[in-house]
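S.K.: Got a structure for you, written out below as structure tokens; questions coming shortly.
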Amino acid sequence: MKEIRFHGRGGQGAVTAAELLAVSVGYSGKFSQAFPFFGVERRGAPVMSFCRIDEKPIRIHQQVYEPDVIVVLDSTLDPNMMGKGLKADGIAVINTKLPAAQTGISASKIYTVDATGIALRNLGRPIINTAMLGALGKATGLVGLEDIIKAVRERFPQMLADKNARAVEECYNEVKS
Amino acid sequence: MKKTIEGSEAMAETVQNCNPDVVACFPITPSTHIAEDLDHIYSNGGIRDFIPVESELSAISALIGASATGGRSFSTTSSQGLALMHEALFNAAGMRLSPVMVVANRALSAPLNIWNDHQDSVSERDSGWLQLFCETNQEACDAIPQAFKIAESIAIPVMVCVDGFYLTHAVEQVDVPDKELIAKYLPKFSPKVKLDSQNPITMGAYAFPSDYQDFRKDLFDDLNNSKADIMRAHDEWAKLTGRKYGNGLFEGYRLEDAEFVFLGMGSVMGNAKEAVDRMRAKGEKVGALKLRSFRPFPGEELAKAIAGKKVAVFEKAISLGGDAPIYTELTTAALEFHPNVVISSFIGGLGGKDVTVEVVVQVLQKIKGQEPLKEWV
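From first to last, the protein sequence lines are chains A and B. Going by our numbering, 151 is the number at position 151 of the first sequence; the sequence numbering is gapless. Count along the second sequence from 1, then add 177; that gives the number in our numbering.
Encoded structure:
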């Protein structure tokens, strides 16, 4: 089983990102489970969400404490909190313009992408949750680009889906380690 | 067909496919998504009537009215919302009506807390409603048609209890039962008596001291006897779908030769099964017992299933000033039917405190001594 933890702020769509990941993984016949942890329900507050992926049905229902992957939607959050419990061979996928070494997050492999810039170009707003799924897919191979885009198209009306799909694809292509 | 779907949405679709006449809801976290989805389905013509009521007391009152006129009725709520329904819950049961409600289980105030435990529905255990607790969203979707069938055939209302957030907000693979399947299973609701302007009757009438107790004893006996109806509804569904959950009252997991058993309700039982497998891999004789029917409480059957074992009863609810509810009833049943068990009480998971696989392992390790324990974890 692979466990992914998303870190963002209220309003950035960390919950939707985990849900879309679960849906994308579901297309391939694998099993998945997304689940949010709401703290105070307001914009700007730190939010976590989780996604599990497995070859067999997932029967546990609990938070993710030792993730295989963390996805950072907002790099201004506390790096120690975000990195907590990350496995020794864990991967971090971070939305930032900074080089990996300057993010403050320690992980065996760090991938970075300027998802905010990509979202601003494509959506006109800094909504990076869908875009970051493209980066996650490329960095980890846990989910294919086509399945992410399929889930995005199922979720959003066509105009918005087209823009999001472009952002996903650009993040997929631009993410670097 | 299996799809990746939020638990709340899967449950709402299942309710729609049960073809209800009246759905009445007031939103409260974490049941809100179920109510929102049902309202959305109604807006698209998928449900006959959706009443966006002004409070939970109105919601249950609308269900009572709808059910009394022979309508299939449904609501969903959580926590304070269920508490606000309290007095009318007794009316729904006492009048022998058949509404079904999904309770998205959540802690009660104070302190204010939106997360999961079982205090809300467990606190309504004496209201006369059946309570079926679910481990997964699949189990919840399978329980809803069964709940309508049971409620409408024996004229006792049913709560389907699901863990708030852990299930309601989890997106996972669920085979949502479709209309055709449910039509094969669930007959048209035709109560023996109903309110009808052409043929007027009185329901919920005054009962003098000479009669009141007899009404209460009837309901008491019928609730105890409903175990057979729950098992039958479960078996018929299992035949149609291939999905079964123990005997419908409870489900044992690697239980038969287990010496140490974790007994609990709801989504934590998935974690318990994982804990049991990990400990079995090390040669430890452990098992799990998932209680599905909290009301009626299958005391005699449970006592038989745990005879000769050491049992940790894990509960996400308390009774202030007394012992934990399931522990108390299981201990009484064991004394009566199979006294050769050692039963310990563990309270945990209150207000969303995460009960991980590791916590279950710790609980199972703790009960290896001779003396029964009472602990909070």
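Cβ coordinates follow ideal geometry from the N, Cα and C atoms, glycine included.
#1: For valine 438 of chain B, would you say it is in contact with chain A, using Cβ-to-Cβ distances shorter than 7 Å as the test?
#2: Evaluate the contact criterion for the region 397 to 404 of chain B versus the region 446 to 463 of chain B: three or more CB pairs, one atom per stretch, below 8 Å.
#3: To the nearest whole angstrom, what separates the beta carbons of proline 334 of chain B and alanine 328 of chain B, a pair I think is in contact under 8 Å?
#4: Can you give the beta carbon distance from isoleucine 148 of chain A to glycine 137 of chain A, rounded, assuming they're within the 8 Å contact cut?
#5: Taking a contact to mean a Cβ-Cβ separation below 7 Å, would you say alanine 324 of chain B touches valine 280 of chain B in this structure?
#6: Contact defined as beta carbons within less than 8 Å: I believe lysine 326 of chain B pairs with tyrosine 383 of chain B. What is the distance between those atoms, to the nearest angstrom?
#7: Return helix, strand or coil for threonine 130 of chain A, following the three-state DSSP convention.
#8: For aspartate 214 of chain B, does the count of other Cβ atoms within 10 angstroms reach 16, so buried, or fall short, so exposed?
#9: What does the Cβ neighbour count give for alanine 287 of chain B, buried or exposed, with the cut at 16 atoms within 10 Å?
#10: Starting from phenylalanine 31 of chain A, find everything on chain B with Cβ-Cβ shorter than 7 Å and list it in chain order.
#11: Per DSSP, what kind of secondary structure is methionine 178 of chain B in: helix, strand or coil?
#12: For the 8 Å Cβ check, are there 3 or more pairs between the region 534 to 547 of chain B and the region 305 to 319 of chain B?
#13: Does the region 439 to 446 of chain B come close enough to the region 463 to 470 of chain B to have 3 or more Cβ pairs within less than 8 Å?
#14: Would you kindly work out how many angstroms separate the C-alpha atoms of aspartate 297 of chain B and threonine 254 of chain B, rounded to a whole number?
#15: With a 10 Å radius around its C-beta and 16 neighbouring C-beta atoms as the bar for buried, classify proline 197 of chain B as buried or exposed.
#16: Could you round the C-beta distance between alanine 489 of chain B and serine 521 of chain B to whole angstroms and report it? I think they count as a contact, below 8 Å.
#17: Buried or exposed: which applies to aspartate 391 of chain B, given that a residue is buried once 16 or more other Cβ atoms fall within 10 Å of its Cβ?
#18: In its own chain, which residues sit with a C-beta less than 7 Å from the C-beta of isoleucine 224 of chain B, not counting the 5 before and 5 after it?
#19: For a test of the three-state rule: what should DSSP assign to glutamine 308 of chain B, helix, strand or coil?
#20: Given that a residue counts as buried once 16 or more other Cβ atoms are within 10 Å of its Cβ, and exposed if not, what is isoleucine 378 of chain B?
#21: Kindly identify the DSSP beta-bridge partner or partners of leucine 440 of chain B.
#22: Note down the Cα distance separating isoleucine 58 of chain A from alanine 317 of chain B, rounded to an integer number of angstroms.
#23: Who pairs with glutamine 350 of chain B in a beta bridge, going by DSSP?
#24: In three-state DSSP terms, what is methionine 82 of chain A?
#25: Run down chain B in chain order and give the residues with a C-beta less than 8 Å from the C-beta of arginine 42 of chain A.
#26: Would you report the Cα separation of lysine 105 of chain A and isoleucine 91 of chain A, rounded to the nearest angstrom?
#27: Determine whether the Cβ of asparagine 293 of chain B lies closer than 7 Å to any Cβ atom of chain A.
#28: If we define contact as Cβ-Cβ less than 7 Å, is glutamine 63 of chain A a contact residue for chain B?
#29: Less than 7 Å between C-beta atoms, sequence neighbours within five positions excluded: which residues of the same chain meet that for valine 532 of chain B?
#30: Could you give the DSSP three-state label for phenylalanine 397 of chain B: helix, strand or coil?
#31: To the nearest angstrom, how far is it from the Cα of leucine 20 of chain A to the Cα of lysine 369 of chain B?
#32: Can you give the Cα-Cα distance for phenylalanine 251 of chain B and tyrosine 65 of chain A, rounded to whole angstroms?
#33: Please give me, in chain order, every unbroken run of the beta strand (DSSP E) with length at least 3 that falls completely inside the region 184 to 238 of chain B.
#34: Between cysteine 171 of chain A and alanine 100 of chain A, is the Cβ-Cβ spacing less than 7 Å?
#35: Against chain A, does serine 208 of chain B count as a neighbour if the rule is that its beta carbon must be under 7 Å from one of theirs?
#36: Would you tell me roughly how many angstroms separate the C-alpha atoms of glutamine 63 of chain A and methionine 456 of chain B, rounded to the nearest one?
M.R.: Taking the definition as stated:
#1: no
#2: no
#3: 6 Å
#4: 6 Å
#5: no
#6: So it is not a contact: roughly 32 Å between Cβ atoms.
#7: helix
#8: buried
#9: exposed
#10: Gln350
#11: coil
#12: no
#13: yes
#14: 10 Å
#15: buried
#16: 5 Å
#17: exposed
#18: Gln193, Pro197, Val200, Leu215, Ile218
#19: strand
#20: exposed
#21: B:Leu466, B:Val490
#22: 16 Å
#23: B:Thr181
#24: helix
#25: Ordered by position in chain B, no residue passes the 8 Å Cβ test against arginine 42 of chain A, which lies about 13 Å from the chain.
#26: It is isoleucine, not lysine, that sits at residue 105 of chain A in the sequence shown. Going by the C-alpha atoms only, they are around 10 Å apart.
#27: no
#28: yes
#29: Val445, Asn448, Gly525, Gly526
#30: helix
#31: 48 Å
#32: 37 Å
#33: 199 to 202, 227 to 229
#34: no
#35: no
#36: 21 Å
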